[in-house]
Amino acid sequence: MVRYTDRATPISQARSFWYGPLFGAVGRQCRDLSVTGTKHPTIKGMVRVLAGGVVWLIGAGLISAGLVGCESSPSTSPERPASADRAIHFTQIAEASGLRHRNISGDPKQRFIVESISAGVAVLDVDGDGWFDLFFVGGTRATDPPEAPSHELYLNEAGHDGRRFRRVTDESGLSTQGWGMGTAIGDIDNDGDPDLYVTYWGRDQLWRNDSSAGNVRFTEITSAAGIQNDDWGTSAAFADIDADGWLDLYVTNYLEFDLNAPPADGSWCHFKEVESFCGPEGIPAQSDRLYHNLGDGRFEEISQSSGIGSISYPGLGVLFTDIEDDGDLDIYIANDSEPNFLFRNNSSAEEIRFEQVGTRLGVAYSEGGLAQAGMGVDGGDIDNDGDRDLYVSNFSDDVNTLYTNDGHGWYTDATYATGMGRVVRPFLGWSTAFADYDNDGWLDLFVANGHVYPALQQVPGGLRYAQRNLLYHNEAGRFTEIGQDIGLHRVSTSRAAAPIDFDNDGDLDLVVANLNDTPSLWRNDGGNVNGWLGLRLIGESSNRDAIGTRVRLFAGDVVQTRQLQRGRGFQSQFDPRLVFGLGASGSVDSLVISWPSGQRQIVRNPPTRRYLEVVEGAQPVEGPQVPRPTSAPIATSTMPAPAAPEQMKVDERIDAGTLRRLASELYRQGRYEESRRHLERGLEVEEQDVTSHINLATVHFSGRGDYEEATSVLSRALDIDPQRAEAHHLLGKIQLQQSLHEEAIVSLKEAARLSPTSGEYEGWVGLAYQRDGQTDAAEKAYRTAARLAPWDPRPYLNLGRLYEQTDRDSVTAARAFAEFERLSPAQRRVNHYKRKLAEYPDHPAAPYLLGRTYYEQGRFGLAEKNYKLALQLDPNHAPTLHAAGRLLQDGGKLTEAANAYLRARENDPDLQGINNDLGQVYHFQKRFDLAIDAYNRALDRTTDAEITPTLLSNLAMAHAMAGQLNQAREVFERSVALKPDQIDTRDALGQVLMALGEVDAAAAQWREILRLQPGNSVARQRLQQIEAGR
């Protein structure tokens, strides 16, 4: 049945390089959609370009992916009042409503990474009264832990002037302590009430809801249910992955952090020259967990058998959603500083199985082929084309990423195409939520923000620790950030957040959990001026929570699609009701409800402006309506706008070059406005400085999102010097962002012509061609980029996407993706060590590690450059001397290599591998006595368990070349005993035995070689020679 409810009311430096801070198709013609008199192209016809610097040492020139086509299903904006965009206002009412507790998550200085995220929130109807309650997760402190419970439960009750939240933590049984993180809500036993899962740094807990009338009570059943996750759990979610009617459980796990043995021995790392905790980079990640509900109160862990646990990345956000509309739930995971996961559900009646397809489908990396620092995640149909798009919040100095679904399971990074690339770079995003806050029929987007390093407060005008939250208004697929305009002024270190209609008035409010602070409850005033319809779904054959149900709403030629998803955000659980905004329209033709059980249910002409409780398979009944407000209240914000940041004072007599260097440093710190002003001052002093022009354009484009001003500045730069490749390249990226394909192709090709050895520039040419539908030209450019930069994984990522999106054979696409995956780890290390070099410019470890990775990629010139830099910083840095020696040895400069090795050994006699490498150089110089001495030194410093066959074989060969045949035989035999399948070593041993006159023993070695490798012609020839000589 459908029931209607009328419930509305008016790093230490040397070690810290291993412990980095948190970071981490062709287009078919699209029709335009008119929105309040202005036309915007639909998402599928837009282009996204990832902004990056071309002159800054810290700038990133990143490669984008291909545009995909438009959907043809009807999707037009519902009518809405012209003033609807700003008719709503959010009012902060947390304290007045009774939410007064203060989150606890470690010490205010945040010395350890575990202290940085202990804050979760869940929306749930504990007692089934139709008014949604709140559960907050908190943590503790490493020293002087508080006596108060870590978590808080509040019931939503009537007050004398509206709804109030009453604390019921103690009587509920949830008054526990520990390092709580996040929470998941689900009716695990299908008894009609929500049960509760809490993640911890430590053992997670499962709580069964045993509440009765007037008595709220939870019982801890973790062990009895067979769940044991002792790792660092963060976000979690319930969903029915095999459609058996029972909710299963996914838990994202983070890092192997030990408070008793922290990274870098507990000393500080650094971020932008301020002290920071160490991690996540350099700390091993933990694998996620998947538990299957057996239906009898017990769960079975199936992480490994299902394919979920095969890879360990630091997980933070989780979303259950159906990416292909095939009726089963897939899983999207936001990983920190690693590629994101998309697990496609390939389960059958016989087994539960997931396949990781994030890279193939375009949602593992940014469009530039880079892993970002994923925090929160949500899914929703932002362009009303009927499929789920995905959004991931990321670290500061980056953009959050919007992936649009082309309807066939392929995704395109549309961050810049939708306007979401502006504003966001200084913010560090956490929980995020798609919700139609003004009920105009288009999903808007909320992002909770807050940095992780309190010491940033010491930097005037730089990145802020406490940050305001963002709200993006959706105008037919184009987003504008309006948070400050509608009251979201409060600056906090926010973490978890969730939409909730706590007063049941039809517009979605917001609850936010703030770290070491009181929560925020933002009441939505005016969002229900437009028409709306809310659904509370109850499964019968399906799981009772109806998770996975898809609903399509038809109103004239307007079609909206929603799915009841779980997970979402970061360490959060949202209001589970589906709310459809109707704009000025007051009617709905029909609802088509597709339940997880496979049942399809149609509700015709439902009444609006109310919540409908829809039970699977039952007939609807009519109920009362929530009246439309006579006017939209426009309140004055209860929070002051943040003060303007302190500005850096600069000597008025400073020269242009110094101003440019200061601007670069300010840009690196995220102080974009100050950087802009310094560059503009420099250009007043030196008008013809092309580098300053390009840097200023980069600030406008990457830092401020002002594409028009960036284009103007670049035009002036090219008037001064039309031969500057960087200017043409940046201009081409901006034009590509604006869907000016032909102009972008011209600019990017000119940049590639002026810099013919740049694989990156050629890759951008490929992107422009692909956007323009010229797939053959795009493929040629990508292949040229791969040839010019064989170490770069990005051309192969773009080739793989191109092949799959143009229906090229799957084998060719798979090869391209495999090459991308092979090359990616080294390139990710390059990006990491570049960041470390910027953060620690005076420490030799950064250029050493960067040079070593360049060496691994075969980029020997860059390796040499960074080794020289490291040795300028510390001439006796043994690891760099060792690495430089290998580079010299590869170049045939044996004397220089030996000298470098000797200096390295002198500074660190126990340096791993140094004596073996020195011995090889002496061997090549035919200084066999010195080689033997070096190899023996290596053996003396190696335990028996660490001795390698290679070291023994090298020593044996040196003995042989020195004429010491008995010693050579002895050591060769040790090597063969350690690894019997060594073909070359057995052959060398055979030759030594022959020289000693032991023909039968030598023959035995060559016969063993033929047994191991029957086709070995050398061994066969040697045996023939023995037979011929008998």
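Residue 1 is where the sequence shown starts when you use the numbering used here, and the numbers rise one by one after that.
We put the CB at the ideal spot given by N, CA and C, even for glycine.
Taking the alpha helix (DSSP H) that residue i falls in, what are its first and last residues?
i: residue 994; result: 983-995
i: residue 857; result: 845-857
i: residue 750; result: 741-754
i: residue 817; result: 810-839
i: residue 718; result: 707-720
i: residue 413; result: Here residue 413 belongs to no alpha helix (DSSP H); instead the beta strand (DSSP E) covers 411-413.
i: residue 525; result: Unbroken run through residue 525 is the beta strand (DSSP E), 520-525; no alpha helix (DSSP H).
Quick check: the Cα distance between residue i and residue j, rounded to an integer number of angstroms?
i: residue 1000; j: residue 922; result: 33 Å
i: residue 683; j: residue 873; result: 33 Å
i: residue 343; j: residue 978; result: 42 Å
i: residue 716; j: residue 112; result: 48 Å
i: residue 286; j: residue 969; result: 47 Å
i: residue 1010; j: residue 993; result: 17 Å
i: residue 50; j: residue 416; result: Its pLDDT being 27, under 50, residue 50 is placed unreliably in this model, and the coordinates cannot settle the point.
i: residue 434; j: residue 946; result: 55 Å
i: residue 885; j: residue 454; result: 42 Å
i: residue 797; j: residue 499; result: 36 Å
i: residue 440; j: residue 581; result: 5 Å
i: residue 1028; j: residue 991; result: 17 Å
i: residue 730; j: residue 698; result: 8 Å
i: residue 148; j: residue 274; result: 32 Å
i: residue 686; j: residue 733; result: 26 Å
i: residue 855; j: residue 933; result: 28 Å
i: residue 377; j: residue 358; result: 14 Å
i: residue 282; j: residue 117; result: 18 Å
i: residue 473; j: residue 445; result: 7 Å
i: residue 825; j: residue 338; result: 10 Å
i: residue 571; j: residue 92; result: 22 Å
i: residue 262; j: residue 280; result: 12 Å
i: residue 203; j: residue 183; result: 13 Å
i: residue 503; j: residue 98; result: 14 Å
Am I right that residue i and residue j are in contact with their C-beta atoms under 8 Å? What's the rounded C-beta distance?
i: residue 660; j: residue 692; result: 5 Å
i: residue 195; j: residue 250; result: Their Cβ separation, rounded to whole angstroms, is 15 Å, which puts residue 195 and residue 250 out of contact at 8 Å.
i: residue 496; j: residue 863; result: 44 Å between Cβ atoms; not a contact.
i: residue 725; j: residue 747; result: The Cβ separation is near 10 Å, so there is no contact.
i: residue 365; j: residue 390; result: Not confirmed; about 13 Å, so no contact.
Measuring alpha carbon to alpha carbon, tell me which of the options ends up nearest residue i.
i: residue 232; options: 919, 312, 160 and 865; result: 312
i: residue 227; options: 253, 291, 848 and 211; result: 291
i: residue 530; options: 566, 585 and 519; result: 585
i: residue 407; options: 892, 597 and 324; result: 324
i: residue 853; options: 709, 832 and 552; result: 832
i: residue 512; options: 138, 949 and 934; result: 138
i: residue 507; options: 657, 481 and 577; result: 577
i: residue 559; options: 545, 548 and 592; result: 592
i: residue 236; options: 261, 459, 567 and 109; result: 567
i: residue 888; options: 876, 918 and 353; result: 918
i: residue 103; options: 469, 361 and 516; result: 516
i: residue 471; options: 493, 436, 245 and 451; result: 436
i: residue 340; options: 352, 396 and 308; result: 308
Could you tell me the boundaries of the beta strand (DSSP E) in which residue i lies?
i: residue 224; result: No beta strand (DSSP E) holds residue 224; DSSP gives it neither H nor E.
i: residue 390; result: 389-392
i: residue 333; result: 330-335
i: residue 538; result: 531-538
i: residue 163; result: 162-167
i: residue 552; result: 550-555
i: residue 315; result: 315-321
Going along the chain, which unbroken runs of the beta strand (DSSP E) with 3 or more residues stay wholly within the stretch 559-603? 578-583 and 590-594
3-residue-minimum beta strand (DSSP E) runs that sit fully inside the stretch 420-494, ordered along the chain: 429-435, 444-449, 470-475 and 478-481
Which complete beta strand (DSSP E) runs does the stretch 173-221 hold, if anything under 3 residues is left out? The DSSP assignment places complete beta strand (DSSP E) segments of no fewer than 3 residues inside the stretch 173-221 at 180-186, 195-200, 205-209 and 218-220, in order along the chain.
In the stretch 109-155, which residue ranges form an unbroken beta strand (DSSP E) of at least 3 residues, counting only runs that do not cross its ends? 120-124 and 133-137
Within the stretch 656-682, ranges of the beta strand (DSSP E) (whole runs, at least 3 residues): none
Which residue spans inside the stretch 884-939 form an unbroken alpha helix (DSSP H) run of at least 4? 894-907 and 914-924
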